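Chemist:
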Amino acid sequence: MNRLFNVLVFLFVLSSFVLIRIAPKIDDYKISKGKKFKRTLSKRQLFIFEDTKEAGESYKYVNTKFQLHDSLVYDDVPFQLENQQYFFATYEVEIQDKSFQLVPIALDVLLSTSLGRDEVDPLFSNPDGISRKGNFYIAIEVYSDLEKDCLLANSFSRTSVLKYLRQLKKEYLATHNYNEILFKN
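Shown next as structure tokens:
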């Protein structure tokens, strides 16, 4: 019985880690207040979706689609819906999953003590003992001369703006050669 308990404790420790932070999982898209999603974002409502592409790809997409020539690509990108002028700003956001893993730290301690060292050198674990995995998102805010935040629940343009952003997201994720976009327009 004592042996079984030792084996169970050993297996538990072997597979144990403590989750510190889990990044949100977004299936399609999410409308959220920017500061609530990540503190560095604006206070406006944002259209947020997971970015499966490499860093900087959204910049290339927006730059090519709206023919901005590397000028004002992140802010004040103009577009028109129903003869009304709107602007959007994009943000590439990273939120990391963080976990504190016990086994690699324990192995580092055992190795250091067996070698007779006073300090623990991180061989199996990260120097700070925390494992990180990046999750990337695109966040888009939309505004116009008439409305400061077009994604608010009571905004009169919310429905048409959401439809446009869903199409933009779909096109961004489906397109690999952004020059193709110029021929579609």
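All residue numbers for the sequence shown refer to my numbering, where the first residue is 1212 and numbers rise by one.
Using N, Cα and C, we set each Cβ at its ideal position, and we do this for glycine too.
Keep in mind the model is a prediction, meaning the values are calculated, not measured.
Considering Cα atoms alone, identify which of Lys-1271, Ser-1355, Arg-1328, Pro-1333 is closest to Gln-1312.
Modeler: Pro-1333
Chemist: For Glu-1303 and Ser-1243, what's the separation of their Cα atoms in angstroms?
Modeler: Going by the C-alpha atoms only, they are around 15 angstroms apart.
Chemist: Just reading off the beta strand (DSSP E) that Ser-1371 is part of, what are its end residues?
Modeler: That residue, Ser-1371, is in no beta strand (DSSP E); its alpha helix (DSSP H) goes 1369 to 1385.
Chemist: Does Arg-1232 come out as helix, strand or coil in the three-state DSSP assignment?
Modeler: In the structure shown, the three-state DSSP call for Arg-1232 is strand.
Chemist: Looking only at C-alpha atoms, which of Lys-1344, Ser-1371, Phe-1258 sits nearest to Ile-1233?
Modeler: Lys-1344
Chemist: Since Leu-1292 sits in a beta bridge, which residues does DSSP pair it with?
Modeler: Gln-1295
Chemist: In this structure, how does DSSP classify Ser-1323 when only helix, strand and coil are distinguished?
Modeler: helix
Chemist: Could you tell me the boundaries of the alpha helix (DSSP H) in which Ser-1269 lies?
Modeler: Note, Ser-1269: alpha helix (DSSP H), 1268 to 1276.
Chemist: Where does Thr-1301 land, buried or exposed, given buried means 16+ other C-beta within 10 angstroms?
Modeler: Under this definition Thr-1301 is a buried residue.
Chemist: Here's the rule: buried if 16 or more other CB atoms are within 10 angstroms of the residue's CB, otherwise exposed. What is Leu-1379?
Modeler: Buried, since its Cβ has 16 or more Cβ neighbours within 10 Å.
Chemist: Is it true that the CB of Ser-1310 sits closer than 8 angstroms to the CB of Ile-1231?
Modeler: yes
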